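In terms of full-length UniProt numbering, the sequence shown opens at residue 1 and continues consecutively. Just so you know, even glycine gets a beta-carbon here, dropped at the ideal spot from N, CA and C. Bear in mind the structure is a predicted one, so any value in this text is a computation, not a measurement.
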Amino acid sequence: MKGNKTVDIGNLIIPNEIVFEILKRICAKSLMRFICVSKYFCSFISESSFIEAHRSLAAQFLLHRITYTPKIIIYNLSLEDEDLANCLVRYLDETCFRTLHNMQSSSINGIFCLWNYNGDVAICNPFIKEHVFLPKVPDIEKVSQSKIISSYLFGFDPTANKHKVLMGYMVFFENRLVHGIKYLIFTIGVDKSWRDISGGWMPNICTTNNYVCIDGVIYCENRFRPNIVVISIVREELIRTISFPDERVLILPGMMNTIVEIKGQVALVVNDKDDVDEGFSKICVYSQWY
Numbered sequence: 001m002k003g004n005k006t007v008d009i010g011n012l013i014i015p016n017e018i019v020f021e022i023l024k025r026i027c028a029k030s031l032m033r034f035i036c037v038s039k040y041f042c043s044f045i046s047e048s049s050f051i052e053a054h055r056s057l058a059a060q061f062l063l064h065r066i067t068y069t070p071k072i073i074i075y076n077l078s079l080e081d082e083d084l085a086n087c088l089v090r091y092l093d094e095t096c097f098r099t100l101h102n103m104q105s106s107s108i109n110g111i112f113c114l115w116n117y118n119g120d121v122a123i124c125n126p127f128i129k130e131h132v133f134l135p136k137v138p139d140i141e142k143v144s145q146s147k148i149i150s151s152y153l154f155g156f157d158p159t160a161n162k163h164k165v166l167m168g169y170m171v172f173f174e175n176r177l178v179h180g181i182k183y184l185i186f187t188i189g190v191d192k193s194w195r196d197i198s199g200g201w202m203p204n205i206c207t208t209n210n211y212v213c214i215d216g217v218i219y220c221e222n223r224f225r226p227n228i229v230v231i232s233i234v235r236e237e238l239i240r241t242i243s244f245p246d247e248r249v250l251i252l253p254g255m256m257n258t259i260v261e262i263k264g265q266v267a268l269v270v271n272d273k274d275d276v277d278e279g280f281s282k283i284c285v286y287s288q289w290y
């Protein structure tokens with residue numbers, strides 16, 4: 001907060017840092033009441049640094065649940081209400097979202113990416129009740145037997161302060177063998193169409209919805225190989241792979257190693273070869289095995 005370093009409230013003199021920490025924990029509906037209190041609070045709440053801090057904190061309390069019906073249920077746990085039914089974010093009940101789904105478990109800065117296998121992609125912010133549909137890729141507007149969308153990955157580029165969506169789609173030969181996979185990227189608020197970042201067909205890299213995005217880099221499980229796909233969505237927008245720690249990883253049918261973030265580092269929750277009969281797992285942190 002520029003200017004004064006304290007705020008006078010009655011007979012109290014409170015440092016701006018404390019006011020900042022208090023206000024960012026108040027839900028958006030109640031926060032709007034402070035705009036009418038004084039010019040100070042109106043200016044304080046309108047600053048970009050405060051808006052980003054408040055949005056990021058609120059996003060930590062979003063709970064997303066996939067149901068067996070074509071509907072996405074999201075709860076805002078930052079609301080001061082013990083009844084979970086009152087915490088529903090009902091904006092996604094709109095008819096335009098009913099054919100879409102979201103396979104990732106969290107939002108990025110309070111923003112969700114919803115999609116389906118027909119090429120429909122929506123970026124929505126349920127807090128301010130706004131959304132935008134991305135343009136379809138011309139040659140796969142209708143998914144045919146020879147082209148199948150494999151996944152959509154949602155990330156944030158901190159260098160440009162932009163959200164980006166990565167799409168991968170497979171192309172098959174007539175005998176159903178995979179011809180190759182291409183990857184397209186779309187920068188929200190900048191691009192008018194999808195951009196190809198594959199540099200050609202990539203037959204051995206197939207992304208899944210098991211991924212995390214850390215500092216502008218997406219780490220994703222590879223469906224075709226025992227490794228992790230690393231996709232930089234900043235600057236050059238490059239794709240490469242890193243190997244699993246083979247001596248510690250056991251790939252079992254029907255069991256998936258889970259990619260997670262631990263203190264800003266990518267980690268892999270893996271099946272332990274030594275303790276597989278007991279059903280134990282190990283956590284391998286990226287920096288320890290690469």
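Would you grab the beta carbon distance between residue i and residue j for me? Rounded to a whole angstrom, and I think it's under 8 Å.
{"i": "L134", "j": "L114", "result": "Not a contact, Cβ separation roughly 10 Å."}
{"i": "F41", "j": "F20", "result": "In fact, because the Cβ distance is near 12 Å, the residues do not count as touching under 8 Å."}
{"i": "I205", "j": "T241", "result": "7 Å"}
{"i": "F154", "j": "V165", "result": "6 Å"}
{"i": "F156", "j": "G110", "result": "The pair is not a contact, with the Cβ atoms about 11 Å apart (cut-off 8 Å)."}
{"i": "I148", "j": "M170", "result": "5 Å"}
Taking residue i as part of the beta strand (DSSP E), name the residues at either end of that continuous run.
{"i": "I123", "result": "V121 to N125"}
{"i": "E130", "result": "E130 to F133"}
{"i": "N210", "result": "T207 to I214"}
How is residue i classed by DSSP in three states: helix, strand or coil?
{"i": "F112", "result": "strand"}
{"i": "T241", "result": "strand"}
{"i": "E221", "result": "strand"}
{"i": "G264", "result": "coil"}
{"i": "R33", "result": "helix"}
{"i": "T99", "result": "coil"}
{"i": "I148", "result": "strand"}
{"i": "S49", "result": "helix"}
{"i": "L88", "result": "Because the pLDDT at L88 is just 48, under 50, the model does not fix this residue reliably, and the point stays unresolved."}
{"i": "P253", "result": "With a pLDDT of 43 at P253, under the threshold of 50, the modelled position of that residue is not reliable, and the figure given next carries that caveat. Looking at P253 - three-state DSSP - the assignment turns out to be coil, as it is neither helix nor strand."}
At which residues does the alpha helix (DSSP H) containing residue i begin and terminate?
{"i": "L42", "result": "It should be noted that the sequence gives Cys, not Leu, for residue 42. Where C42 is concerned, the enclosing alpha helix (DSSP H) stretches over K39 to S46."}
{"i": "E17", "result": "N16 to L23"}
Per DSSP, which residues does residue i bridge with? Please list them.
{"i": "Y183", "result": "G168"}
{"i": "S198", "result": "Per DSSP, none; premise fails for S198."}
{"i": "K162", "result": "D157"}
{"i": "N227", "result": "S243"}
{"i": "S232", "result": "V217"}
Does residue i come within less than 9 Å of chain B when only Cβ atoms are used?
{"i": "I185", "result": "Protein chain content of the structure displayed is limited to a single chain, and chain B is not contained in it."}
Legend entry - the stretch 189-196 / the stretch 205-216 touching (three or more Cβ pairs under 8 Å): no
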